[in-house]
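K.L.:
Sequences listed follow chains A, B, C and D, in order.
With this note's numbering as the guide, the letters of the first sequence map in order to residues 1 to 148.
With this note's numbering as the guide, the letters of the second sequence map in order to residues 149 to 313.
With this note's numbering as the guide, the letters of the third sequence map in order to residues 314 to 680.
With this note's numbering as the guide, the letters of the fourth sequence map in order to residues 681 to 1042.
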Amino acid sequence: MTVALSGEEIAARLEEKFPGSVVESGADSLLVKSGSWLEIASYLKTTAGLDFDYLTAITAVDYYDYFEVVYQLTSIKHNHSLVVKTRCYGRDNPTLPSVVSLWRGADFQEREIYDLMGISFDGHPNLKRIVLWEGFEGHPLRKDYRRW
Amino acid sequence: MKFERYGIGIAKGLSVTIRHLLRRPVTTQYPEQRLNTSRRIRGNELIWDREKCTGCATCAKTCPQGVIHIVTSVSIEENKYKVEKFEVDTGYCIFCGLCVEACPYEALFMGYAYERARYRRGELVLAEEGLLASDERKPSGYAHPEIAATLPKQTLLLDKDRGKR
Amino acid sequence: MVIKTEPFVVNIGPAHPSTHGVFRMRTTLDGEVIVDMEPVFGYLHRGIEKLAEERTYTGCIPLTDRLDYLASMSNNLAYCLAVEKLAGIPVPERAEYIRVIMAELQRIASHLIAVGSFLNDCGAFMTPILYMIREREKILDLFEMVCGQRLTYNYMRVGGVSQDIPDEFLPALDKFLKEMPGWIDEYDRLLKENEILLARSKGVGILPRELAVNTSASGPVFRASGVKWDIRRADPYSIYDRFEFDIPTGSVGDCYDRYRVRIEEMQQSLRILKQAMEQLPKGEVRSDVPHLIRPPVGEAYGHIEAPKGELGFYLVSDNSIAPYRFHVRAPTLINLTALRDMMVGWKVADLIIIFGSIDICMGEVDR
Amino acid sequence: MTMAALPPDWPGGFWLHWGVFVVVIFVFVMATIMGFIWFERRAMAIMQARLGPNRAGPFGVLQPVADGIKVMLKEDIVPAKGDKVVHWLAPVVAFVPALMIFAVVPFQGGAILADLNIGILYIVAISSVTTVGVFMAGWASNNKYSLLGAMRQVASVVSYEIPVVLSIVGVVLLAGSLSMQQIVMAQDIPFILLQPLGFLLFFIGALAEINRAPFDLMEADSEIVAGFHTEYSGMKFALFYLVEYGEALAISAIVTTLFLGGWRGPLLLPWLWFLIKVILVFFVIVWIRTTVPRIRIDQLMALAWKFLFPLALINLIITAVEILVWPAGSLWVLVPINIAVMIVLVLLWSRFFKLGWGKVEV
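(1) Chain D partners of Ile509/C, CB-CB under 7 Å?
(2) Going along chain D, which residues have a C-beta under 7 Å from Thr165/B?
(3) Which stretch, first to last residue, makes up the alpha helix (DSSP H) that contains Ser932/D?
(4) Determine the contact status of Val474/C and Ile411/C, defining contact as a CB-CB distance below 8 Å.
(5) What's the gap between the Cα of Val83/A and the Cα of Gly360/C?
(6) For chain C, is any of its Cβ atoms less than 8 Å away from the one on Arg721/D?
(7) Look at the alpha carbon of Phe668/C and the alpha carbon of Val540/C, and state the distance between them as a whole number of angstroms.
(8) Please list, in chain order, the residues of the region 157-182 of chain B that have any C-beta partner in chain D closer than 8 Å.
(9) Consider the Cβ of Pro609/C: report whether some Cβ of chain A lies at a distance smaller than 8 Å.
(10) Could you compute how far the alpha carbon of Val602/C sits from the alpha carbon of Tyr500/C?
(11) Just checking my contact of Glu618/C with Arg642/C at CB under 8 Å: how many whole Å lie between their CB atoms?
(12) At the 8 Å Cβ level, is Trp1029/D part of the contact set with chain C, yes or no?
(13) Going straight from the alpha carbon of Gln109/A to that of Tyr145/A, what length do you get?
(14) Using 8 Å as the threshold, is the C-beta distance between Trp695/D and Asp763/D below it?
(15) Within 10 angstroms of its Cβ, does Asn632/C collect 16 or more other Cβ (buried), or is it exposed?
(16) Would you kindly check if the distance between the Cβ of Thr971/D and the Cβ of Gly161/B is under 8 Å?
(17) Let's test the definition: count the other Cβ atoms within 10 Å of the Cβ of Pro252/B and tell me whether it reaches 16, buried, or not, exposed.
(18) Need the endpoints of the beta strand (DSSP E) that Glu618/C sits in, please.
(19) Since I believe Glu677/C is in contact with Leu380/C (beta carbons under 8 Å), could you give me their beta-carbon distance rounded to a whole number of angstroms?
(20) From Arg546/C to Ala391/C, what distance separates their C-alpha atoms?
(21) Note down, in chain order, all residues in the region 604-630 of chain C with a beta-carbon under 9 Å from any beta-carbon belonging to chain A.
(22) When you compare each of Ile869/D, Phe917/D, Pro973/D and Asp978/D to Thr440/C by their alpha carbons, which one comes out closest?
(23) Where Ala835/D and Leu44/A are concerned, what is the direct C-alpha to C-alpha distance, given to the nearest angstrom?
(24) Got a sec: which bits of the region 464-476 of chain C sit with their beta carbon under 8 Å from any beta carbon on chain B, in order along the chain?
(25) May I ask you to list, following chain order, the residues of the region 275-295 of chain B that have a beta carbon less than 9 Å from some beta carbon of chain C?
(26) Quick check: what's the CA-CA separation for Phe668/D versus Glu924/D?
(27) Classify Ser807/D as helix, strand or coil using the three-state DSSP reduction.
(28) With H, G and I counted as helix, E and B as strand and the rest as coil, what does DSSP make of Leu948/D?
(29) Enumerate in chain order the residues of its own chain whose CB-to-CB distance from Pro759/D is below 6 Å, with the five nearest sequence positions on each side excluded.
(30) How close, in whole Å, do the beta carbons of Val966/D and Glu720/D come, if the pair is a contact with beta carbons under 8 Å?
(31) Straight-line CA distance for Arg513/C to Lys621/C?
(32) When you compare each of Trp718/D, Leu919/D and Ile1019/D to Trp768/D by their alpha carbons, which one comes out closest?
(33) Starting from Phe879/D, follow the alpha helix (DSSP H) in both directions and report where the run begins and ends.
(34) State yes or no: is the beta carbon of Thr303/B nearer than 8 Å to at least one beta carbon in chain D?
(35) Going by the beta-carbon positions, is the gap between Ser387/C and Ala416/C smaller than 8 Å?
(36) Using a C-beta cutoff of 8 Å, does Glu362/C count as contacting chain A?
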């Protein structure tokens, strides 16, 4: 049974490792600052007890005044999973650090979020539109996207 | 290729194909021979029952494609809405059957026929008269068990294919 | 004297006989050897995730049929599980068993197409795929008997299934379960030890274990690389913990292992089907759920082991009748991440086979 | 000139005989090709649990005729920047040799157009001219895929010519003459029993030469779209189609004459025996085509040079030794020996040789 690690427990460990980076931690998810997200990600991936070596899914949600990007991490070895969220503000060019250097599975998913939601990931090797054609202006999955 | 099994693998494969020479092909020649479709088939048309329909437009609300256009007016004597216009654009309909399940008065049925293609999209828009049941527009048993009981049993490839192994 | 040769770019697809749908590969070839390959998607993008935001929770079910159109029963199941997790809706016992029966039948049907088209790409002229499509027709007959359609079933509802199975379904399923092992042995006799297939697919397009984990592959592609990871066993959803079946895994992770893993998975599915049919209880098939579901504000991520990999639905609800955000974790899109690493260095003939062995469905890749 | 094979009671001189047989061969080839097209589609269909053509004429027999008419009505497109003359000439250069092979095929005792005393050498020479036609087609279409296909065809024919010729030499050693009639006459025991390894090598090599069954690299539709005849349509495409089936018929005829005892058979009419054996061999070709997947180009080359060629040499040596040490009695004693030799050699040879290497470090 994949044990969904509780947010508080991981938040406590992260707090003393990266002070001030955990914004809020709910029962099943964990909200971290986008600035220190890359170190937290590599910490989660490399520490012995956690070993989150498998990135299941990345999703971006548009909550009008901020974008929330949800990372579902899983560890194949210990069979436990964790949900980590980060937020990025600003509607013209929200950016987040890319995690492709840690999990190559994020490559196409980040390109799709860039393409449909407009969040650009710096550090991504090949950030281009994946599904829409190059000349397409606007990002359709945003709530304020008007078709015509 | 390393012939680890020295061509036996190829020989086994050949034995399978040669054995098919003795078996009957499974094709059915469509226009001449027809298979009985399932009793719950969602055929590519909708059938509407004018008497049962009260014009409540639940079907129009549940349709994910929004292809059912219904206009009703108030009529005092029958104490229910009078359905002025009831139109289904089967060109955009995806035949998901949600409207048939949602109709509280069971006035809507899926069609039993599956050969309702037309040459022009205009002919695909079925108005009230075109929607009523008739002898060649039979309703299917989808979400209507009592109709399903009357329809012929489905011909299964399981029973038809006498393949010997 | 070194002959100066320069690689030339060939566009394989989007309308190529063996790209399983509209998928383009910008390949740079040096003679027959592949130097570089860049996949191009988007030819079948319909914006399903945007469409879903305007439909009710029940209206989204026909949308999920059109994701991976070769396994729409599994798509329905994944979506309904996610909504039930979001809204906390119980599912009656009989409906759980019917869902497992449908999902496992769909796995066999999807694997039949996957293995058939892989062998077809190897060059066996239409014979294996025609045998496998004959078996798939029998499964489609069963699906048509239950829900009236042969491809986009729209059979499962939030809280159960739309209609109970008719009484002639179980005898037909029983007959199918008795015959199917014989047919699978026949496929194995046809091509399992065929020397030419061994030469063409053994050791070709290897996906090493760490690369598979790193590029978060899932499904038969993942297990062929030797990772014993199956959502039905790792995180059992619905009632999969009541059945015993084992998880076939490959060793090297080449095309031949992927082909073998899919064949053995079909046999495991038959085992599950037999057990599910015996334990099928009586009772109604759908808990009473209002037609317009209004889940409480919140989010949920439900995932299942679809035939092509881990299919997940991430739903956010704002207590209205339509989902606020509807995201699909498409296994086939993510399985393609490692495509370039598997292909570089091989020849054009192998490119077609490696691509065929990953078994993608463009409806799910482009959404 | 003495026509040894011509029975004395034949009317008219050489030219009448020549005229009759040209017509007979042309009609035979055209009719059998039509028959083979239909036969292949029906046989493959039934082996794949389906019906095959059955709409045009009874049992779909007129389907090849329908295809022929359709192809004649199709527009004949010539690629703009292609080499027009070569593009026009290629199908002719490919088809004529396939037809000329039948000049030396013995249908019956005396029924042969030209009983050359070097019949088999003539066949080997003529059959390699088709490759020139194919390469002309590949070059003239000015299309990447066609050039790739034509290069593959030339490479495979060149490397498969040697095992084929060596296995023919094995048969000639036993028959003692190059003339096809003598070979048939010498076959009291069909050479397939005396020369099983030779038959195996000849059959695999011949399949590769006419690019059928596991070696159909040239028009491997899953890879290069349609090989050398991508840019052909209309009547020229039909000619290439006839070449493919004409060569399949030629190979079946040669295999029948060399290994299955040509027209010799117990009670039926001799030419009927010839026809039955040709159809039987063609059925085996179609049967293999239905079952076996395709081979990769480097494996194709490796198979020719590392598997067939050495075995052909060894087979030649063994046959030569057998003929030297000819047991006084009947040849039947040689049959089990040769079959045992074949099995031992195939087992041994496939044990320690690897075909083709896969990944190239880029």
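Glycine included, C-beta positions come from ideal geometry on N, C-alpha and C.
Note that the coordinates shown come from a computational prediction; the quantities given were computed from them, not determined experimentally.
P.N.:
According to the structure data:
(1) Contact note: Ile509/C reaches chain D through Pro894, Val972, Pro973 and Ile975, using a C-beta cutoff of 7 Å and chain order.
(2) In chain order: Met727, Trp967, Thr970 and Thr971.
(3) Run containing Ser932/D: Met915 to Phe939, per the alpha helix (DSSP H) assignment.
(4) Result yes, Cβ atoms of Val474/C and Ile411/C sit closer than 8 Å.
(5) So the two alpha carbons sit approximately 26 Å from each other.
(6) Under the 8 Å criterion on CB atoms, Arg721/D is classed as non-interfacial with respect to chain C.
(7) So the two alpha carbons sit approximately 20 Å from each other.
(8) Against chain D - using a Cβ distance shorter than 8 Å - the residues of the region 157-182 of chain B are Ile158, Gly161, Leu162, Val164, Thr165, Ile166, His168, Leu169, Arg171, Pro173, Val174, Thr175 and Gln177.
(9) Taking Cβ atoms only, chain A never reaches closer than 8 Å to Pro609/C, which makes this a no.
(10) Approximately 44 Å, taken between the alpha carbons.
(11) Going by Cβ atoms, the distance from Glu618/C to Arg642/C rounds to 12 Å, so no, they are not a contact pair.
(12) It does not: the Cβ of Trp1029/D has no partner Cβ on chain C nearer than 8 Å.
(13) Rounded to the nearest angstrom, the two C-alpha atoms are 21 Å apart.
(14) Between Trp695/D and Asp763/D, the C-beta spacing is not below 8 Å.
(15) The residue is exposed, with fewer than 16 neighbouring Cβ atoms inside 10 Å.
(16) For the 8 Å CB-CB criterion, Gly161/B and Thr971/D form a contact.
(17) The residue in question, Pro252/B, is exposed, as its Cβ has fewer than 16 Cβ neighbours within 10 Å.
(18) Its beta strand (DSSP E) spans residues Gly611 to Ala619.
(19) The beta carbons of Leu380/C and Glu677/C sit about 5 Å from each other, so the pair counts as a contact at 8 Å.
(20) Whole-angstrom Cα-Cα distance: 16 Å.
(21) Residues Glu612, Tyr614, His616, Glu623, Gly625, Tyr627 and Val629.
(22) Minimum Cα-Cα distance from Thr440/C among the listed residues Ile869/D, Phe917/D, Pro973/D and Asp978/D corresponds to Pro973/D.
(23) When only Cα atoms are considered, Ala835/D and Leu44/A end up about 56 Å apart.
(24) Flagged, chain order: Thr465, Asn467, Ser475 and Gln476.
(25) Along the region 275-295 of chain B, going in chain order, the ones with a CB nearer than 9 Å to a CB of chain C are Ser288, Gly289, Tyr290, Ala291 and Pro293.
(26) Past the edges of chain D, shown from 681 to 1042, lies residue 668/D, and the structure says nothing about it.
(27) Ser807/D sits in a helix when the DSSP states are folded into three classes.
(28) Coil.
(29) Excluding residues within five positions, the ones whose Cβ falls inside 6 Å are Ser821, Asn822 and Glu911.
(30) With 8 Å as the limit, Val966/D and Glu720/D qualify as a contact, their Cβ atoms being about 5 Å apart.
(31) Distance between the alpha carbons of Arg513/C and Lys621/C is about 23 Å.
(32) Relative to the Cα of Trp768/D, the nearest Cα in the group Trp718/D, Leu919/D and Ile1019/D belongs to Leu919/D.
(33) For Phe879/D, the enclosing alpha helix (DSSP H) stretches over residues Pro876 to Glu889.
(34) For Thr303/B, the answer is no, since every Cβ of chain D falls outside 8 Å of its Cβ.
(35) Result yes, Cβ atoms of Ser387/C and Ala416/C sit closer than 8 Å.
(36) For Glu362/C, the answer is yes, since a Cβ of chain A falls inside 8 Å of its Cβ.
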